[in-house]
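These notes are about the structure you will find just below.
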Amino acid sequence: MAKSVVAGLDRILTMELVRVTERAAVAAARLRGRGDEKAADQVAVDAMRQELNRLAIKGTVVIGEGERDEAPMLYIGEEVGSGGPDVDIALDPLEGTTICAKNLPNALAVIAIAEKGSLLFAPDVYMDKIAVGPGYPEGVIDIDASPAENIASVAKAKGVPVEEITACILDRPRHAKLIEAVRATGAAIRLIGDGDVAGVIHTTDPDETGIDIYLGTGGAPEGVLAAAALRCTGGQMLGRLLLDSPEKVARAATMGITDPKKVYRIEEMARGDVLFAATGVTDGNMLAGVKFGRDSITTHTIVLRSSSKTVREIKARHQDLEKF
């Protein structure tokens, strides 16, 4: 993409993305703690789609709510925007539907926009992931190394004992051996029930979140979103698709994936110029959730850009309640 177009993306979209995630977050937040995951997700999808269609882009959803027959809105391949530069879009209008339904921490509305052809077209399968934030030498993590080796490597690079490292892992039965291996090193673990995009993003600011490294398997689409965020901060991430059946291998092949065992570097999951935005739905380690006041609504958002490594944190008070 020409430089002039990239500059246009920065000028027009950096702040416009905030409105997209704000609207989705506010819509979902109205259903916090109601126990209805589908309803919360649907209102977030509707709000995000409406706002996306106001953007001056010609966007194609490459990571979305599912295939066209599964998701009536924001499905993979859907085109959004009012016209403009061609871009790829990865999104999750409500990352952590269960979290929102139970009103637990770290539910987010998230989106990433990149130059056309820059985001990995990932099938809806599991991905083995490992990630750390910025400030570490290249190669500090290795997806084929043992948990003990990776924990020791990060501790050495950080200049602290292993006991001062905290790993974030999804609390799932499939991670029992991983959890056991990490605890055997003496490192601490932050178990999360859902929301592995937030889990990976937490590595970007260990001083604030207390998370140094993310380990384990989770959704591949969420992996692409997380990679987009880390690209913007200078973090490192590696991912490998878990294509453990002929059907999954064949499905991946239709999406252009020819090497089922390939390890994807962060630059291969989210290339070029990337913009990323996330708004808190519920209170979390990095972002406050939506607050409903008598006369206003308050939101907390981060907006990131890869080419400049800019991190903008936006706390907004919305007094025109009719817009929400």
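Under my numbering, the very last position in the sequence shown is 1124; numbers go up by exactly one each time.
Glycine included, each C-beta is placed from N, C-alpha and C at the ideal position.
Since the structure is predicted, the reported quantities are computational estimates derived from the model, not experimental observations.
Opening and closing residue of the beta strand (DSSP E) in which residue i lies
i, result
"Q1036", "1036-1041"
"T1110", "1110-1118"
"I912", "Rather than Ile, the amino acid found at residue 912 in this sequence is Ala. Start and end: 908-915."
"K858", "858-863"
"V1103", "1097-1105"
Simplified DSSP assignment, three categories, for residue i
i, result
"V960", "coil"
"E895", "strand"
"S804", "Confidence is the limiting factor: at S804 the pLDDT is only 36, short of 50, which leaves the residue's position unreliable, though a coordinate-based value still follows. DSSP places S804 in helix when its eight states are reduced to three."
"L817", "helix"
"D1059", "coil"
"I1066", "helix"
"G1023", "helix"
"A871", "coil"
"E879", "strand"
"A890", "strand"
"L831", "coil"
"L1030", "helix"
Best match in the options for proximity to residue i [C-alpha to C-alpha]
i, options, result
"I1001", "E895, L831, G959, A856", "E895"
"L1104", "A976, D1073, E1047", "D1073"
"T898", "L991, V997, K838", "K838"
"V845", "R1117, G866, G835", "G866"
"P923", "G1084, V1049, G993, V818", "V1049"
"G883", "E949, A909, I911, L813", "L813"
"F1092", "A825, E816, V818, R819", "A825"
"V997", "K916, R990, L1041, A909", "A909"
"L817", "Q842, R830, A856", "A856"
"G917", "G959, T1110, A840, M1069", "M1069"
"D886", "E963, I913, D1007, E1022", "I913"
"A828", "P872, E870, N906", "N906"
"I989", "I1011, G881, R1071, E1022", "I1011"
"A1116", "T1098, S1106, F1076, E870", "T1098"
"E963", "G1084, A976, A987, N950", "A987"
Contacts around residue i, its chain only, beta-carbon distance under 7 angstroms, and the 5 residues preceding and following it disregarded
i, result
"V862", "I876, D888, I889, A890, L919, F921"
"N903", "R832, G833, T1082"
"V805", "Because V805 sits at a pLDDT of 40, beneath the cut-off of 50, its placement in the model cannot be relied upon, and the point is left open."
"K1109", "C1032, T1033, G1034"
Run of the alpha helix (DSSP H) containing residue i, from where it starts to where it stops
i, result
"T1054", "1046-1054"
"A1077", "No alpha helix (DSSP H) contains A1077, which is instead part of the beta strand (DSSP E) from 1074-1080."
"E1122", "First-last for E1122: undefined, no H or E at that position."
"A844", "837-852"
Own chain partners of residue i with C-beta closer than 8 angstroms, once the 5 adjacent residues on each side are dropped
i, result
"S953", "V940, I941, D942, A945"
"G1056", "F921"
"D836", "A901"
"D1059", "none"
"E1067", "R1031"
Contacting residues, own chain, Cβ-Cβ under 6 angstroms from residue i (five flanking each side not counted)
i, result
"R1112", "V1103"
"P934", "T1033, G1034, G1035"
"Y1014", "A931, C968, G999, V1000, T1003"
"E879", "T860"
"K803", "Summary for K803: the model assigns pLDDT 40, below 50, so the residue's position carries little reliability, and this model does not support an answer."
"L1087", "G1080, H1100"
"A948", "T985"
"R819", "E851"
"M801", "In this prediction, M801 has a pLDDT of 39, which is less than 50 and means its spatial position is unreliable; what the coordinates show is noted afterwards. Counting only Cβ-Cβ distances below 6 angstroms, and skipping sequence neighbours, we find E915."
The ligand PLP heavy atom lying under 6 angstroms from the CB of residue i
i, result
"D1083", "The model depicted lacks the ligand PLP and carries no ligand whatsoever."
Whole beta strand (DSSP E) elements within the segment 921-1007, 3-residue minimum: 926-932, 966-970, 988-992
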